[in-house]
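Comments concern the structure below.
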Amino acid sequence: MNVVMFEAEVCEGAACRRLKPLLADGQVRQAGSRDVRGGKHARHRLRRRLETLGYNTEMFQGLHDHASDDVYVAALDDLHTCLGDMNDDAVGAKLLHALSSGPGAGGPPQSPRSRAKRLKTAWRRFEPLCLPLGPNLRFPCPQAL
1 MNVVMFEAEV CEGAACRRLK PLLADGQVRQ AGSRDVRGGK HARHRLRRRL
51 ETLGYNTEMF QGLHDHASDD VYVAALDDLH TCLGDMNDDA VGAKLLHALS
101 SGPGAGGPPQ SPRSRAKRLK TAWRRFEPLC LPLGPNLRFP CPQAL
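Here the numbering used here is used: the first residue of the sequence shown is 1, the next is one more, and so on.
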């Protein structure tokens with residue numbers, strides 16, 4: 001049984017299937033008025049709702065052939081693409097920040113000699129450590145070999 005709730009309304013069965021795009025449109029419009037101005041998470045939620053609305057609309061488009069449906073779907077695609085680009089920008093900025101604040105970032109590239117020195121230091125820290133398998137499992141530590 002297909003049940004969709006929108007505010008206080010409940011619909012079931014064939015009537016619900018016919019109303020599904022309309023209900024999704026109402027949800028998108030209601031959410032869109034606040035989410036477009038919201039942060040990246042709100043815009044992402046809106047983008048997912050637009051995607052669902054687009055799928056629902058395209059599925060029911062075959063029931064009747066109106067040119068206005070094509071315009072509606074094209075407008076949904078434009079909104080979805082715009083929000084996707086904004087999401088890509090936000091994720092890209094976050095990744096760039098993470099990369100620029102990591103070790104070796106923001107300065108000149110390290111020379112092979114300094115990289116080798118870092119590797120040697122890291123290996124010296126690692127070498128004496130035991131494999132952490134838990135209290136019931138035994139594995140010989142390097143000191144015992």
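The beta carbon of each residue, even a glycine, is placed where N, CA and C say it ideally should be.
Burial state of Gly-54 is buried, judged by a 10 Å Cβ sphere holding 16 or more other Cβ atoms. Each residue's CA atom was taken as its position, placing Asn-87 and His-44 some 7 Å apart. Beyond the five residues adjoining it in sequence on each side, Ala-98 comes within less than 7 Å, by CB distance, of no other residue in the same chain. DSSP places Leu-79 within a helical segment (H, G or I) once states are collapsed to three. With a 10 Å radius around the Cβ and a threshold of 16 neighbouring Cβ atoms, Leu-76 comes out buried. Taking C-beta atoms as the reference points, Gln-61 and Val-73 count as a pair closer than 9 Å.
Its Cα nearest to that of His-80, the residue Arg-48 stands out among Thr-57, Asp-89, Arg-48 and Lys-94.
The distance from the Cβ of Leu-83 to that of Leu-50 is about 7 Å, consistent with a contact at the 8 Å cut-off.
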